[in-house]
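Chemist: I have a structure I would like to understand better, so I am pasting it below and will then ask my questions one at a time.
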Amino acid sequence: EVKWTTIMEKFPPSSIRKSKKVRRLVKQGIPDSIRGKVWLYLADAAKYRRPGLYEQLKTKEPLEIYEAIERDIQRCYPNHVLFHEEHGVGQATLYAVLKAYAHYNQEVGYCQGMGRLVGLMLMQLDEEDAFWLLVATIDQHLTGYYTPNLGRLRVDAEVFEHLLASHNPMLSKHLTENGVVPLMYVTQWFLTLFTMALPWETVLRVWDVFYFGGKCYYCNKFLFRVALGILDVSKDWLLHQCPTNSELLSYLLHLPVEKMRSDDILRAAFKVRLRRQEIDRLARR
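Per our numbering, the sequence shown runs over residues 6 to 290.
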């Protein structure tokens with residue numbers, strides 16, 4: 006914790022991306038006690054913050070999208086102590102952040118999946134900090150993911166299909182022959198930043214590295230690496246125990262906790278070598 010406090014006090018986030026020492030700290034996992042603050046720092050959320058704006062957004066006239074938000078928050082982390090009570094403090098705070106964001110970014114408004122992000126942020130941060138982290142995350146890391154047609158996500162799903170074919174041809178062939186295309190499973194994985202796919206400790210460790218990666222307006226290489234890592238640790242099971250479309254999708258949308266340990270997933274992800282130029286080339290096709 007002391008190391009992170011010193012780093013945050015002394016260095017702007019953009020200056021630490023190439024530091025092997027900081028990368029090692031991130032890979033070890035950020036301490037729970039300051040994890041949210043470190044995410045804010047790594048995301049450079051401070052550059053978006055405008056004093057008083059969040060409170061102002063909360064007082065604006067209701068939007069039509071509020072109904073969809075209210076429906077969805079009931080399904081966000083229903084077993085977590087912060088959100089299990091209907092219309093309780095946690096749900097009210099989640100609702101407030103999402104409503105404010107709908108006004109802040111009217112082009113995006115609200116999209117399913119955003120509630121999962123904000124819910125996790127609220128477990129680590131206070132209400133306004135969670136709002137500004139959401140702003141930074143969507144603007145810098147998930148640009149185009151939450152548009153009505155999910156345009157960027159569709160492109161990334163196609164890119165992922167090519168990456169999987171070159172990285173793991175046998176598994177790619179097995180999935181394709183059974184009619185399983187990446188859009189069927191990476192939609193859930195990417196839109197919720199793996200919060201519906203991976204066990205809790207693994208999700209937190211993935212988010213640590215995700216934010217350390219810095220802004221990535223056109224591609225998020227690390228999302229691809231984690232997804233390929235998940236498939237690498239699952240390869241034998243998928244090839245030999247899932248001979249049909251329904252069995253494959255059942256596995257991919259309900260990943261077994263025991264196979265998704267944080268150390269195993271991150272080790273597999275870090276072994277994946279991807280070139281940004283290759284990803285950009287595939288995205289432009």
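Just so it is clear, CB atoms sit at the ideal spot from N, CA and C, and this is done for glycine as well.
Select from Leu68, Glu91, Asp134, Leu125 the residue whose C-alpha is nearest the C-alpha of glutamate 112.
Modeler: The shortest C-alpha separation from glutamate 112 is found at Leu68.
Chemist: If we ignore side chains and look at the alpha-carbon of each, how far apart do isoleucine 284 and leucine 168 end up?
Modeler: Between isoleucine 284 and leucine 168, the C-alpha separation is close to 8 Å.
Chemist: Do glycine 34 and phenylalanine 88 count as a contact pair if the criterion is CB distance below 8 Å?
Modeler: No, they are not a contact pair.
Chemist: So, at 6 Å on beta carbons, what are the nonlocal neighbours of lysine 240 in its own chain, with the 5 sequence-adjacent residues on each side left out?
Modeler: Here the set comprises Leu176.
Chemist: Of the choices Gln96, Glu132, Tyr151, whose alpha-carbon is the least far from that of glycine 114?
Modeler: The candidate whose alpha carbon is nearest that of glycine 114 is Tyr151.
Chemist: Can you give me the C-alpha to C-alpha distance between valine 140 and tyrosine 106, rounded to a whole angstrom?
Modeler: C-alpha separation (whole angstroms): 8 Å.
Chemist: Could you please give the first and the last residue of the uninterrupted alpha helix (DSSP H) stretch that includes lysine 104?
Modeler: Segment 94-109, the alpha helix (DSSP H) holding lysine 104.
Chemist: Could you check where the alpha helix (DSSP H) with histidine 167 kicks off and where it finishes?
Modeler: Looking at the DSSP string, the run of the alpha helix (DSSP H) that includes histidine 167 is 156-172.
Chemist: Would valine 185 be called buried (16 or more neighbouring beta carbons within 10 Å of its own) or exposed?
Modeler: Counting Cβ neighbours within 10 Å, valine 185 comes out buried, since at least 16 surround it.
Chemist: Please state the DSSP three-state secondary structure of glutamate 6.
Modeler: Coil.
Chemist: Since glutamine 33 is in the alpha helix (DSSP H), which residue starts that stretch and which ends it?
Modeler: Unbroken alpha helix (DSSP H) run through glutamine 33: 25-33.
Chemist: Is the Cβ-Cβ distance between leucine 203 and isoleucine 143 less than 8 Å?
Modeler: Contact flag unset, no.
Chemist: Between the segment 121-135 and the segment 153-171, can you find at least three pairs of beta-carbon atoms closer than 8 Å?
Modeler: No: fewer than three Cβ pairs fall under 8 Å.
Chemist: To which residues of the same chain is arginine 22 closer than 6 Å at the C-beta, ignoring the five residues directly before and after it?
Modeler: If we look at arginine 22 and ignore the five residues flanking it on each side, its Cβ neighbours are Gly219.
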